[in-house]
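Contents: one structure, followed by commentary.
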Amino acid sequence: SQELEQSPQSLIVQEGKNLTINCTSSKTLYGLYWYKQKYGEGLIFLMMLQKGGEEKSHEKITAKLDEKKQQSSLHITASQPSHAGIYLCGATTGTYKYIFGTGTRLKVLA
Amino acid sequence: DGGITQSPKYLFRKEGQNVTLSCEQNLNHDAMYWYRQDPGQGLRLIYYSQIVNDFQKGDIAEGYSVSREKKESFPLTVTSAQKNPTAFYLCASSIGSRGSYEQYFGPGTRLTVT
Numbered sequence: 001s002q003e004l005e006q007s008p009q010s011l012i013v014q015e016g017k018n019l020t021i022n023c024t025s026s027k028t029l030y031g032l033y034w035y036k037q038k039y040g041e042g043l044i045f046l047m048m049l050q051k052g053g054e055e056k057s058h059e060k061i062t063a064k065l066d067e068k069k070q071q072s073s074l075h076i077t078a079s080q081p082s083h084a085g086i087y088l089c090g091a092t093t094g095t096y097k098y099i100f101g102t103g104t105r106l107k108v109l110a
Numbered sequence: 111d112g113g114i115t116q117s118p119k120y121l122f123r124k125e126g127q128n129v130t131l132s133c134e135q136n137l138n139h140d141a142m143y144w145y146r147q148d149p150g151q152g153l154r155l156i157y158y159s160q161i162v163n164d165f166q167k168g169d170i171a172e173g174y175s176v177s178r179e180k181k182e183s184f185p186l187t188v189t190s191a192q193k194n195p196t197a198f199y200l201c202a203s204s205i206g207s208r209g210s211y212e213q214y215f216g217p218g219t220r221l222t223v224t
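For the record, the sequence lines run as chains A and B. Note that the numbering used here has the first sequence beginning at 1, numbered continuously upward. Note that the numbering used here has the second sequence beginning at 111, numbered continuously upward.
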């Protein structure tokens, strides 16, 4: 069973539009990580969230972790073609193990 | 520049041959990991190492082997016992292995076995 559920699985948006990707767990998360991957390449670390209610921003990307630390969202404002790729959420549950969602494939139409 | 390197980027092998994938990091990280990525399945943990000369099996270790003789190196051998070895393999490292430490990933190796 997938421990981290991501939605949507894929997303196509027009350039300039805002979008949100969600990541949900049935367990309380120790740390929540967002990564971006271009097809056939490694994962690029975007942001880490640890505290319930925490929010972080980097350029036009904002990530939030809910108070219960079971759900996170990644929001992109005014999307650009450079935002296209696969976004994955990852998490730690207090042990050595990292778990990952299956990814959201984002396409931005110019 | 600090980072993780994986080589080669593409690898082709005949069925029945063992093959070793390289992973090197100069981030001075203690923990290193190997993942396999297949379409629609996310990342699955093959092996991880928390410290030199120590490593543990992950969720899908069968048919794979690793070594950790040096802090900066964590090679993965895909043996002929691995029934479905064609996949994209990712190596990662983190400062520690318990708690909240982000992982840094290499560029990956795509292995094709025919």
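All C-beta atoms in this analysis are idealised placements derived from N, C-alpha and C, irrespective of residue type, glycine included.
A Cβ-Cβ contact shorter than 7 Å links residue 153 of chain B with residue 100 of chain A. In the three-state reduction of the DSSP assignment, residue 83 of chain A falls in the helix class. For residue 143 of chain B, the enclosing beta strand (DSSP E) starts and ends at 141–148. The segment 14–29 of chain A makes no contact with the segment 112–128 of chain B: fewer than 3 CB pairs, one atom from each, lie closer than 8 Å. In the structure shown, the three-state DSSP call for residue 32 of chain A is strand. Chain-ordered, the chain A residues with CB closer than 9 Å to the CB of residue 220 of chain B read 40.
Around the CB of residue 203 of chain B, 16 or more other CB atoms lie within 10 Å, so the residue is classed as buried. At least 7 Å separates the CB of residue 206 of chain B from every CB of chain A.
Looking at the backbone, the Cα of residue 50 of chain A and that of residue 92 of chain A are separated by about 10 Å.
Separation of residue 121 of chain B and residue 129 of chain B (C-alpha to C-alpha, rounded to the nearest whole angstrom) is 9 Å. Nearest to residue 55 of chain A by alpha-carbon distance, out of A:38, A:103, A:43, A:74, is A:74. Excluding residues up to 5 positions away in sequence, 106, 107, 108 lie with their Cβ nearer than 6 Å to the Cβ of residue 84 of chain A in the same chain. The distance from the Cβ of residue 178 of chain B to that of residue 164 of chain B is about 7 Å, consistent with a contact at the 8 Å cut-off. Chain B has a Cβ within less than 7 Å of the Cβ of residue 31 of chain A.
When the five nearest sequence neighbours on each side are left out, the beta carbons in the same chain lying within less than 8 Å of the beta carbon of residue 193 of chain B are those of 173, in order along the chain.
The C-alpha of residue 176 of chain B is placed about 13 Å away from the C-alpha of residue 155 of chain B.
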